[in-house]
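For the sequence shown, our numbering begins at 4 and goes up steadily by one.
Note that beta-carbon positions come from the ideal geometry of N, C-alpha and C, so glycine has one too.
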Amino acid sequence: MLGIVFKNLLRRKLRTLFALLGVAMGILAMVALTAITEGTIYQFKKLVTDYRGDIIVQQAKAPDPVFSQVDLSLVEKLKTYPEVKDAHPIAFTATKIPGDEFFFILGLPGNSALLHRHKLIEGCYYKDDAREIVLGEAAAKQYKIRIGDSFFDNQFKVVGIYSVGIRFLDKACMMSLDNLATISAPAQLLTNPSQLFAQLTHFLGLSQKRKLSKVNMIVLDLYNPEKQTKPLILKIKEQFPEQEAMASPEYLNNFEQIELLQAMALVISIIAMSIATLGILNTMIMSVYERTREIGLLRSLGWSSRRILAMILGEGFIISLMGSLLGIVGGIFGTELVIEIVNVGALTAYYPQELFFQALVFGLGLGLMGSLFPAWKATRISPIEALRYE
């Protein structure tokens with residue numbers, strides 16, 4: 004039976020190839036989109052898990068932390084709470100630099116314990132009152148930067164190189180909050196004349212030093228997180244209604260972009276799968292139509308409807324199996340290629356083992372759905388009428 008199935012598929016090589024490629028593209032889209040979505044979520048989970056505090060405070064009703072604005076003065080107020088061990092203000096922005104359309108910058112005080120959770124592989128941490136930064140390992144390799152070199156058009160000195168195992172952070176840099184205030188205009192660092200003029204006057208001592216008054220969030224470390232987290236969240240919400248406090252494990256639920264990314268990945272995957280199913284359906288229907296006389300001859304020679312059904316389904320199974328394997332491999336290589344071409348630090352891929360199993364199951368499901376109707380149609384062919392068919 005298997006030999007007959009392969010022989011039938013090779014009769015119309017081009018049509019079989021197109022059907023196989025249709026399945027491969029559907030699976031490729033599923034693998035690529037899911038891997039990128041899971042990679043984004045994995046990075047944020049690792050960031051929140053490895054470099055978090057117990058409570059995160061940001062602006063209430065902010066769609067996500069990027070748009071959150073919290074007064075820096077709130078840090079000292081929160082430190083007065085007896086439950087709070089320490090409070091860490093965090094600010095971030097992104098800018099455009101030569102060779103990178105999206106470069107992430109994280110602002111932390113130089114004496115912050117949160118900064119020191121980022122492992123240095125070389126050098127030291129920056130000082131708040133100096134034009135110094137620490138650079139991610141991936142960024143240092145990409146731009147061929149070493150300790151003591153300058154960065155951001157000779158504005159800052161690189162004093163340390165860190166590695167945290169999170170792609171978008173390892174392709175970023177960290178600096179003091181006040182230094183971040185001097186380049187707070189996203190995507191204008193090297194192109195806005197007024198910004199360059201302001202920086203020039205700052206270096207010449209002709210302007211007052213800029214201070215950051217607002218940050219994106221404040222991370223709190225508690226003395227007894229298990230008992231103090233929920234009561235303190237309620238206290239913060241009551242005393243500062245314009246702010247939103249949440250436990251760190253719940254923080255990911257506040258990223259609307261992640262939900263949007265997941266929804267888009269699902270919709271595009273469904274569309275790709277539907278197109279692939281229609282491709283198999285078209286291929287199998289045409290195959291049955293062209294082989295009506297042959298199927299009738301097989302029926303007259305004693306082939307049962309079950310055997311005819313198995314032959315057609317087997318053809319669909321082989322197409323979907325080969326297409327699925329090709330799609331999985333193509334999805335991995337295609338995703339990594341896109342990430343390198345796009346070169347956005349926050350864009351990465353994560354391939355959980357269950358993703359490949361799901362892709363294979365979905366692919367074989369496509370073969371079943373696409374060939375079930377043609378197979379049933381083949382079993383309904385009358386031997387006598389089929390032998391008259393030209």
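Practice task
Going by CA-CA distance only, name the one from L20, F21, V26 and R18 that's closest to I331.
Solution key: V26
Exercise for the section: Provide the residue span of the beta strand (DSSP E) that contains P228, from first to last. Expected result: Note, P228: premise wrong, no beta strand (DSSP E); alpha helix (DSSP H) at P228 to Q242.
Practice task
Mind checking who Q246 pairs with in its DSSP beta bridge?
Solution key: Q62
Problem - Span of the alpha helix (DSSP H) around F70 - result: No alpha helix (DSSP H) holds F70; DSSP gives it neither H nor E.
Practice task
With DSSP as the reference, label A94 as helix, strand or coil.
Solution key: strand
Problem - Alpha-carbon spacing of Q202 relative to I58, whole angstroms - result: Bear in mind that the predicted position of Q202 carries a pLDDT of just 47, short of 50, making it too unreliable to give a figure here.
Practice task
Could you check how far apart the C-beta atoms of G56 and V222 are, in whole angstroms? I think they sit under 8 Å.
Solution key: 4 Å
Handout entry: Among G368, L281 and D74, the one whose alpha carbon lies nearest that of E247
Key = D74
Practice task
Compute the distance between the beta-carbons of G319 and G373, then report whether it is under 7 Å.
Solution key: yes
Exercise for the section: Determine the extent of the beta strand (DSSP E) in which E125 is found, giving its start and end residues. Expected result: L123 to G126
Practice task
Let me know the beta strand (DSSP E) ranges lying completely inside the region 117 to 160, each 3 residues or longer, listed in chain order.
Solution key: 123 to 126 and 135 to 139
Exercise for the section: May I ask you to list the residues that DSSP assigns as paired with Y165? Expected result: L123 and G139
Problem - Residue span of the alpha helix (DSSP H) that contains D57, given as start and end - result: Premise fails: D57 is in no alpha helix (DSSP H) and is neither H nor E.
Practice task
Decide if G168 is buried, meaning its Cβ has at least 16 other Cβ atoms within 10 Å, or exposed.
Solution key: exposed
Practice task
Tell me G110's beta-bridge partners as DSSP assigns them.
Solution key: A94 and M178
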